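Participant: Numbering (our numbering), first residue to last: 1 to 547.
Sharing a structure with you now.
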Amino acid sequence: MGSGHLRRAAATVGAIIIAGLLSVSSPAQNGVTIVFPNRPPELLELLDRGRQMELRQRWGDALSHYEDALRLFPDDRALQQRFAVARAHYDLARRYADASFHRSVEQLSAAQALDLYAQVLLKIQTHYVDSPEWKTLVDSGTANLEIALNAPVFVQRNVPDSRIATIDGFLTELRRTMAGLAVTNRGEARQAVAVAARLAQEKLAIVPTAVVFEYLCGATNALDPYSAYLTPDQLNEVYAQIEGNFVGLGVELKAHNSALRIVRVIPGSPAEQSGIKAGDLIVAVDGRPLQPLSTEEAANLLRGEEGTLVQVSVVTPGQKPREVIVRRRRVEVPSIDQASIIDPQHGIAYLRLVCFQKGTGRDLDAALWRLHRAGMRILIVDVRNNPGGVLTSAVEAADRFIDRGLIVSTRGRSLQEDYTYSAHSEGTWRVPLVVLIDQNSASAAEIFAGAIRDHRRGTVVGVRSFGKGSVQGIFPLEGCAAGLRLTTAKFYSPSGRPYSGSGVEPDIAVHFAAKPSQAAIEPTGDADAILAAGLQAARSQLQLGRR
């Protein structure tokens, strides 16, 4: 998740991703080996592992894999290209598993779709953090269409059987035609896409609206990893996440082989009441096995209207499968999923912030007062695996512990995106702090941890955070129920450091022999090295305070 201005309901959702340049190259096929000369063995291994995922069409896994690889080798061109290809395939699969997207394609005429494309370009020109290069955006749309025309999910829906054999010839003609067009402004970009749509209709009998949407999504994806077109359903999910509620089962899911693994069960949710626990696997929905489906298609089976029933086949590791019937309902998602005294002898309290949304300030106040009444003398705030959320909510959280000075500043291409957010002395908690971070602490979570660190308000423990330092705004699109997520500014720590690419360095670094798990780390047991280091730091602070 990202962060954004609450005044225009800004946030990001979905996987956190790292920049890559869109490419139309494909993974090695038919026994052909891709050669990457002059690269270290570790990088070659990462590229080969990603290639294997691509060959198996595991685009979600490939996207996550390349994201992690780019954190180790951020400047490698081949990784950037493979990441971009994986993202294009993954987004394509998501769109074509989304009923609201299909409705948009069916309801909009070619002219209306081109008007929507022009509207998106205008918002990019007005709000995007950098000046757009119109030719690049159109070329990225052409690359996106080429990927779509090599993907069964697109071809089966849009290309008549009689025209499939002519796809390669069409792509050759498309590249030649688009290369000859001058694109120096928004108007010429719209005209170029109109030419591509007409050519696709003539040669492949594709509905022009479907082609325009590929150019639209290619343009937004080319801006940066966080900007994207949002289908109507995706836009609603963004707003639900900002508000902290949604209709569903109340689970956080992650792909696991041919199933969906339950990463987290929201307290009080239908899933919890039905006996579903973190670590369980969902292998079928309403009798339909998940094995042949993409992750997005499988997750879509769990969605539905409030009050409807869904039957899920659940496997708890080591036990026999069981059938569970769950009624979908509106679920309130708390910003805090644990707040307790974990060391009564020393009065050490633990509070886990899982996201930053509109109700975070309220949830934090309530938790702090409960912990205070329970005897809190020092507080550990855990923002590991916290992907971010609403920028102003992160500011409010930091303001609970910092009494004066800058919390974060944002800088954009236009002056209206330049903001400074400062602390207020009223309502400040003086309790000593320890903040836990990891490689999945991102965006708004980094704003919180970075402010605590720069003001020397507490001790930051863990591993370097993700390094996402940009603000996204959510912009509804006129004439349809869809929206646009655009990077509008970059944010900086109180000391003026950019977060992008560098993240927050902990005061006390915890080193692992192997890469820590991507899954949420529960604050129990001796295996949690970061929490153990946080507890040690908390006890040391208390001892120093008594001297």
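Don't be surprised by glycine CBs; every beta carbon is placed ideally from N, CA and C.
Since we're looking at a predicted model, the values are computed, not measured.
Let me make sure I understand the geometry here. Which of I167, V85, N440 has the alpha-carbon closest to that of V504?
Facilitator: N440
Participant: Any contact of the stretch 117-124 with the stretch 244-259, i.e. 3+ C-beta pairs under 8 angstroms?
Facilitator: no
Participant: I need the DSSP call for E573, collapsed to helix, strand or coil.
Facilitator: The structure shown does not extend to residue 573, since the chain is modelled only from 1 through 547, so no value can be given for it.
Participant: Cutting at 7 angstroms between CB atoms, please list the residues of its own chain near P27, excluding the five before and the five after it.
Facilitator: Interpretation of P27 is limited by its pLDDT of 35, a score under 50 that renders its predicted location unreliable; the figure taken from the coordinates is listed afterwards. For P27, where only same-chain residues beyond five positions count, the Cβ hits under 7 angstroms are R51, E54, L55.
Participant: Looking at the secondary structure, which residues open and close the alpha helix (DSSP H) in which D382 lies?
Facilitator: Note, D382: premise wrong, no alpha helix (DSSP H); beta strand (DSSP E) at 378-382.
Participant: Does the separation of the CB atoms of D363 and I336 fall below 7 angstroms?
Facilitator: yes
Participant: Out of curiosity, what's the CA-to-CA distance linking Y239 and Q345?
Facilitator: 42 angstroms
Participant: Could you tell me which residues DSSP puts in a beta bridge with S470?
Facilitator: K490
Participant: Report yes if the C-beta distance between F466 and A442 is below 7 angstroms; otherwise report no.
Facilitator: yes
Participant: In the DSSP assignment, what are the bridge partners of R330?
Facilitator: V247
Participant: Excluding the five sequence neighbours on either side, which residues of its own chain have a C-beta within less than 8 angstroms of the C-beta of F246, listed in chain order?
Facilitator: E237, A240, R330, V331, V333
Participant: Starting from I342, trace the alpha helix (DSSP H) both ways and give me its first and last residue.
Facilitator: Run containing I342: none in the alpha helix (DSSP H); it sits in the beta strand (DSSP E), 336-343.
Participant: Nearest chain D C-beta to I380 closer than 7 angstroms, yes or no?
Facilitator: Any reference to chain D falls outside this structure, which holds one protein chain only.
Participant: Using the Cα positions of L535 and D343, report the straight-line distance between them to the nearest angstrom.
Facilitator: Cα to Cα, L535 sits roughly 9 angstroms from D343.
Participant: I need the boundaries of the alpha helix (DSSP H) containing L216, first residue and last residue.
Facilitator: 208-223
Participant: I'd like the list of long-range same chain contacts for A519, defined as Cβ closer than 7 angstroms, with 5 residues on each side in sequence excluded.
Facilitator: The predicted position of A519 is uncertain, since its pLDDT is 37 and thus under 50; no value can be drawn from it.
Participant: Determine the DSSP secondary structure at L149, reduced to helix, strand or coil.
Facilitator: Looking at L149 - three-state DSSP - the assignment turns out to be coil, as it is neither helix nor strand.
Participant: When the Cα atoms are used, what is the spatial distance from V183 to T142?
Facilitator: 13 angstroms
Participant: Could you pull out every residue in the same chain whose Cβ sits closer than 8 angstroms to the Cβ of P132, ignoring the five residues on either side in sequence?
Facilitator: L121, I124, Q125, L223
Participant: When DSSP labels each residue in this structure, what does I530 get in the three-state scheme?
Facilitator: For I530, the secondary structure class from DSSP, reduced to helix, strand or coil, is helix.
Participant: Closest to S393 by C-alpha separation, out of A374, V381, W429, F356, would be which residue?
Facilitator: F356
Participant: Quick test of your reading: N158 and A210, contact by CB under 8 angstroms. State the CB separation rounded to the nearest angstrom.
Facilitator: 5 angstroms
Participant: Going by beta carbon distance, what residues of the same chain come within less than 6 angstroms of E396, once the five residues before and after it are set aside?
Facilitator: G361
Participant: Can you name, in chain order, every residue of its own chain whose Cβ lies under 8 angstroms from the Cβ of A271, other than the five neighbours on each side?
Facilitator: L249, G250, V251, I262, V265, V326
Participant: Among all the DSSP beta bridges, which residues are the ones paired with A259?
Facilitator: A259 is bridged to H256.
Participant: Hey, could you find the ends of the alpha helix (DSSP H) A481 is sitting in?
Facilitator: A481 -> no alpha helix (DSSP H), and no H or E assigned at all.
Participant: Is the CB-CB distance between A298 and L290 below 7 angstroms?
Facilitator: At a Cβ-Cβ threshold of 7 angstroms, A298 and L290 count as neighbours.
Participant: Going by beta-carbon coordinates alone, are V435 and A451 separated by less than 7 angstroms?
Facilitator: no
Participant: Restricting to Cα atoms, I'd like to know which of S422, E426, F512 is closest to R464.
Facilitator: F512
Participant: Measuring only the C-alpha atoms, how far is Q80 from L368?
Facilitator: 43 angstroms
Participant: By Cβ distance, which residues of its chain are closer than 8 angstroms to D91, with the 5 residues on each side in sequence left out?
Facilitator: C217, N221, A228
Participant: Would you please state the rounded distance, in angstroms, between the beta carbons of G458 and L486? I believe it to be under 8 angstroms.
Facilitator: Not confirmed; about 34 angstroms, so no contact.
Participant: In this structure, how does DSSP classify E323 when only helix, strand and coil are distinguished?
Facilitator: strand
Participant: Could you pull the DSSP bridge partners for L391 from this structure?
Facilitator: In the DSSP secondary-structure assignment, L391 is not bridged to any residue.
Participant: Quick one: what's got a C-beta closer than 6 angstroms to L22's C-beta in the same chain, skipping five residues either side?
Facilitator: Low local confidence applies: a pLDDT of 24 at L22 is under 50, so the model's placement there is unreliable, with the coordinate-based value given in what follows. Around L22: A84, S140, A143, A222.
Participant: From L531, T231, L204, pick the residue whose C-alpha is nearest to that of H102; which is it?
Facilitator: Ranking L531, T231, L204 by Cα distance to H102 puts T231 first.
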